[in-house]
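K.L.:
Numbering (the numbering used here) for the sequence shown: 6 to 398. Each residue gets a CB set at the ideal place from its N, CA and C atoms; glycine is no exception.
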Amino acid sequence: MTQGRPPLNRRLAEFGTTIFAEMSALAVRTGSINLGQGFPDTDGPEEIREAAVRALRAGLGNQYPPGPGIPELRTAIAEHQQRRYGLAHDPDTEVLVTAGATEAIAAALLALLEPGDEVIALEPYYDSYAACVAMAGGSRVPVTLRPDATTGTYRLDLDELRAAVTPRTRLILLNTPHNPTGTVLTREELGAIAALACERDLLVVTDEVYEHLVFEGEHLPLAGFPGMRERTVTISSAGKTYSFTGWKVGWVTADAPLVAAVRTAKQYLTYVSAGPFQYAIAEALRLPDTYFDNLRADLRRKRDLLGDGLRAAGFEVYEPQGTYFITTDISPLGEEDAYAFCRALPERCGVVAIPNSVFYDSPDAGRSQVRFTFCKKDDLLQEAASRLRRLAS
Ligand code: PMP
Ligand code: GLN
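(1) Nearest CA to the CA of glutamate 3: which residue from Thr23, Tyr134, Val170?
(2) Work out the CA separation of proline 120 and alanine 243 for me, nearest whole Å.
(3) Mind checking whether the beta-carbon of phenylalanine 25 lies closer than 7 Å to any heavy atom of ligand 2?
(4) Can you give the Cα-Cα distance for tryptophan 256 and glutamine 8, rounded to whole angstroms?
(5) Applying the 10 Å Cβ sphere with the 16-neighbour rule, what's the burial state of valine 58?
(6) Does DSSP put leucine 274 in a helix, in a strand, or in coil?
(7) Determine the DSSP secondary structure at aspartate 334, reduced to helix, strand or coil.
(8) When you compare each of Gly251, Gly229, Ser391, Ser29 to cysteine 354 by their alpha carbons, which one comes out closest?
(9) Could you give the distance in angstroms between the alpha-carbon of glutamate 84 and the alpha-carbon of proline 70?
(10) Sorted by chain position, which residues of the same chain lie with C-beta nearer than 6 Å to valine 146's C-beta, five sequence neighbours on each side aside?
(11) What residue ranges within the segment 99-158 form continuous beta strand (DSSP E) runs of no fewer than 3 residues, ordered along the chain?
(12) DSSP three-state label for serine 29, please.
(13) What distance in whole Å lies between the Cβ atoms of leucine 78 and glutamine 326, which are believed to be in contact at a cut-off of 8 Å?
(14) Report yes if the C-beta distance between tyrosine 215 and phenylalanine 364 is below 8 Å; otherwise report no.
(15) Quick check: is the beta carbon of proline 351 nearer than 8 Å to any beta carbon in chain B?
(16) Kindly list the residues whose CB is nearer than 6 Å to the CB of proline 45, restricted to its own chain and excluding five residues on each side of it in sequence; keep chain order.
(17) Tell me, to the nearest whole angstrom, how far the beta carbon of alanine 32 is from that of valine 267; I am working on the premise that it is less than 8 Å.
(18) For my contact list, proline 360 and cysteine 347 are in at a C-beta cut-off of 8 Å; report their separation, rounded to the angstrom.
(19) Evaluate the contact criterion for the segment 285-298 versus the segment 133-152: three or more CB pairs, one atom per stretch, below 8 Å.
(20) On a CA-only basis, which of Pro368, Pro11, Gln86 is nearest glutamate 1? Give me that one, please.
(21) Only counting the same chain, and skipping five residues up and downstream in sequence, which positions put a Cβ closer than 7 Å to that of leucine 291?
(22) Per DSSP, which residues does tyrosine 323 bridge with? Please list them.
(23) So glycine 314 and leucine 386 are in contact, right, with Cβ under 8 Å, and what is the actual spacing, rounded?
(24) Ignore the nearest five residues each way along the sequence and tell me which others in valine 356's own chain have a CB closer than 7 Å to its CB.
(25) Count the CB pairs spanning the segment 317-335 and the segment 274-283 that are closer than 8 Å, and state whether there are at least three.
(26) Which same chain residues end up closer than 6 Å to phenylalanine 25 when comparing Cβ atoms and leaving out the 5 residues on each side of it in sequence?
(27) With a threshold of 7 Å, establish whether the CB of valine 219 neighbours any heavy atom of ligand 1.
(28) Within 10 Å of its beta-carbon, does glutamine 272 have 16 or more other beta-carbons around it, so buried, or fewer, so exposed?
(29) Check whether the Cβ of arginine 308 sits closer than 7 Å to any heavy atom of ligand 3, and report yes or no.
(30) Which complete alpha helix (DSSP H) runs does the segment 34-80 hold, if anything under 4 residues is left out?
(31) For alanine 104, which residues of its own chain have a beta-carbon under 6 Å away from its beta-carbon, when the five flanking residues on both sides are left out?
(32) Smallest Cα separation from aspartate 260: which of Gly21, Lys245, Arg236, Thr250?
(33) Between proline 226 and the rest of its own chain, which residues show a CB-CB distance below 7 Å, the 5 nearest in sequence each way excluded?
(34) Buried or exposed: leucine 150, going by 16 or more other Cβ atoms within 10 Å of its Cβ?
(35) Which one of Lys245, Leu300, Gly312, Thr155 has the shortest CA to CA distance from isoleucine 286?
(36) Which partner residues of phenylalanine 282 appear in the DSSP bridge assignment?
Here it is in structure tokens:
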């Protein structure tokens with residue numbers, strides 16, 4: 006400590022090690038099955054790995070690529086947005102390649118917020134949102150998703166969202182499909198969010214990294230709703246869609262002034278990243294629709310496999326409509342503290358999960374909720390389910 010001050014500044018004082026690192030380390034230390042951090046245990050398509058090798062050998066991207074991303078990838082991203090959603094983007098001015106969605110989120114918040122601006126985020130929220138809002142000097146305002154008895158899924162209360170907007174609100178930080186609950190916002194919900202953003206003149210940063218992992222309903226990009234194009238920053242990532250989470254290739258699409266703003270911040274974070282991988286992801290974005298269909302079908306089967314296992318083990322399961330996570334409630338097991346439960350789980354039965362309680366500001370809302378990922382091989386999911394059944398006995 007110098008000058009009587011701790012090294013970590015006040016903005017970050019509440020943030021320790023991320024829960025994903027903590028729980029993955031616990032899994033390694035105890036030799037447990039890791040259903041915590043969301044990363045597939047099978048790499049993405051072989052031809053895309055080969056494309057990365059080819060790029061590397063051909064000397065493509067081994068030196069700094071262009072700041073906004075290589076033109077081939079920006080064009081492929083623009084084509085993807087057009088083909089899937091009918092959204093037209095100029096690859097030169099309306100697309101920005103980032104070091105994963107994580108950097109896109111950081112750059113967007115650092116670029117768009119003034120100190121003191123309020124940011125509304127759906128709670129439970131992905132942990133980097135809180136840290137990035139803090140780094141940008143903003144103030145987070147959570148709106149809590151709650152389990153709905155009729156649908157068995159988490160839903161957004163639109164009145165609560167409306168009530169959370171104040172004269173200091175600068176933007177809504179949205180995430181659909183939603184990590185960790187698996188909620189996919191409906192056309193009506195998105196329409197209401199769009200109307201609110203227009204009425205109150207808000208920006209929206211929308212994290213759509215799970216856009217292709219939807220099992221029920223459909224993914225609708227917020228940018229396609231009336232009045233939203235000029236106020237929406239859309240974020241996605243190759244990590245989830247192509248099962249290459251370590252490559253850290255993400256992107257932003259938005260109108261040119263918004264992309265220019267995000268790019269300004271991004272230049273001073275990483276400047277550029279993932280050179281050869283950018284070439285490979287440009288090819289991945291052009292895979293035929295059957296690739297996405299197979300990925301979705303495979304993950305849906307895994308969702309059902311793990312969901313059945315968790316129910317048999319006594320968990321209350323909230324059926325995810327998208328993502329590769331299942332949120333459960335541990336109350337039926339006579340447990341109430343998700344964090345304590347997750348810390349003890351490796352010793353009790355050799356499985357690691359994530360306590361959703363750390364994704365909440367409201368102290369009680371997620372107290373007994375625990376998340377499991379199902380982007381793992383079937384036999385591993387089966388083994389985990391059978392181990393978890395020990396909890397009931
Ligand atoms: N947003 C959400 C909702 C996520 O779950 C993740 C985690 N993988 C990210 C962003 C970060 O994505 P990336 O690995 O591309 O940085
Ligand atoms: N998005 C991943 C998850 O929710 C974790 C990514 C990370 O560790 N930062 O599990």
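P.N.:
Taking the definition as stated:
(1) The requested residue 3 does not occur in the structure, where the chain is confined to residues 6 to 398.
(2) Walking along the sequence shown from the start, residue 243 turns up at place 238. Walking along the sequence shown from the start, residue 120 turns up at place 115. So the alpha carbons of these two residues sit roughly 31 Å apart.
(3) For the purposes of this step, residue 25 is taken as the residue at position 20 of the sequence shown. The answer is yes for phenylalanine 25.
(4) By one-based count along the sequence shown, residue 256 stands at place 251. By one-based count along the sequence shown, residue 8 stands at place 3. If I take the Cα positions, the gap works out to 41 Å.
(5) For this step, residue 58 is matched to residue 53 along the sequence shown. Classification of valine 58: exposed, given that the 10 Å Cβ count is below 16.
(6) Here residue 274 refers to the residue found at position 269 when the sequence shown is read from its first residue. Three-state DSSP puts leucine 274 in coil, outside helix and strand.
(7) Reading the sequence shown from its first residue, position 329 is the one you call residue 334. Three-state result, aspartate 334: strand.
(8) Within the sequence shown, residue 354 is the residue found at index 349, counting from 1. Closest by alpha carbon: Ser391.
(9) Your numbering for residue 84 matches position 79 in the sequence shown. Your numbering for residue 70 matches position 65 in the sequence shown. Distance between the alpha carbons of glutamate 84 and proline 70 is about 20 Å.
(10) Indexing the sequence shown from 1 puts residue 146 at position 141. Excluding residues within five positions, the ones whose Cβ falls inside 6 Å are Glu123, Ile125, Ala169.
(11) 100-104, 123-128, 144-149
(12) Your numbering for residue 29 matches position 24 in the sequence shown. Residue state, collapsed to three classes: helix.
(13) Start at 1 with the first residue of the sequence shown, and residue 326 comes out as number 321. Start at 1 with the first residue of the sequence shown, and residue 78 comes out as number 73. Rounded, the Cβ-Cβ distance is 29 Å, inconsistent with contact.
(14) In the sequence shown, counting from the first residue as 1, residue 215 sits at position 210. In the sequence shown, counting from the first residue as 1, residue 364 sits at position 359. Result no, Cβ atoms of tyrosine 215 and phenylalanine 364 do not sit closer than 8 Å.
(15) In the structure shown, chain B cannot be found, because there is only a single protein chain.
(16) As a working note, residue 45 is residue 40 in the sequence shown. Cβ neighbours of proline 45 beyond the five flanking positions: Ser248, Cys380.
(17) Translated into positions along the sequence shown, residue 32 becomes position 27. Translated into positions along the sequence shown, residue 267 becomes position 262. No, alanine 32 and valine 267 are not in contact; Cβ-Cβ is about 34 Å, not under 8 Å.
(18) Here residue 360 is taken as the residue at index 355 of the sequence shown, counted from 1. Here residue 347 is taken as the residue at index 342 of the sequence shown, counted from 1. Right, the Cβ-Cβ distance comes to about 4 Å (below 8 Å), so this counts as a contact.
(19) no
(20) Any property of residue 1 remains undetermined from this structure, which presents the chain solely from 6 to 398.
(21) Taking the first residue of the sequence shown as 1, we reach residue 291 at position 286. Correcting the residue identity first, residue 291 is arginine in this sequence and not leucine. Excluding sequence neighbours, arginine 291 sits near Ala81.
(22) Position 318 of the sequence shown, counted from the start, is the residue given in the question as residue 323. BP columns for tyrosine 323 point to Thr332.
(23) Your numbering for residue 314 matches position 309 in the sequence shown. Your numbering for residue 386 matches position 381 in the sequence shown. About 7 Å; that satisfies the 8 Å criterion.
(24) Numbered from 1 along the sequence shown, position 351 holds the residue referred to as residue 356. Closer than 7 Å at the Cβ level, and outside the excluded window around valine 356, lie Ser37, Ile38, Leu40, Leu350, Ala389, Arg392, Leu393.
(25) no
(26) Translated into positions along the sequence shown, residue 25 becomes position 20. Cβ neighbours of phenylalanine 25 beyond the five flanking positions: Gln42.
(27) As a working note, residue 219 is residue 214 in the sequence shown. Not under cutoff, so the answer is no.
(28) Here residue 272 refers to the residue found at position 267 of the sequence shown. Label assigned to glutamine 272: exposed.
(29) Inclusion of ligand 3 in the displayed structure is not the case, the ligand content consisting of ligand 1 and ligand 2 alone.
(30) 51-62
(31) As a working note, residue 104 is residue 99 in the sequence shown. Once the five neighbours on either side are set aside, the close Cβ partners of alanine 104 are Lys253, Thr275, Ser278.
(32) By 1-based counting over the sequence shown, the position of residue 260 is 255. Measuring from the Cα of aspartate 260, the nearest candidate turns out to be Arg236.
(33) Along the sequence shown, one-based indexing puts residue 226 at 221. Within the same chain, proline 226 has close Cβ partners Tyr90, Leu92, Glu213, Thr239.
(34) Here residue 150 refers to the residue found at position 145 when the sequence shown is read from its first residue. So leucine 150 ends up on the buried side.
(35) Here residue 286 refers to the residue found at position 281 of the sequence shown. Ranking Lys245, Leu300, Gly312, Thr155 by Cα distance to isoleucine 286 puts Lys245 first.
(36) The residue you call residue 282 lines up with position 277 of the sequence shown. None, per the DSSP bridge assignment.
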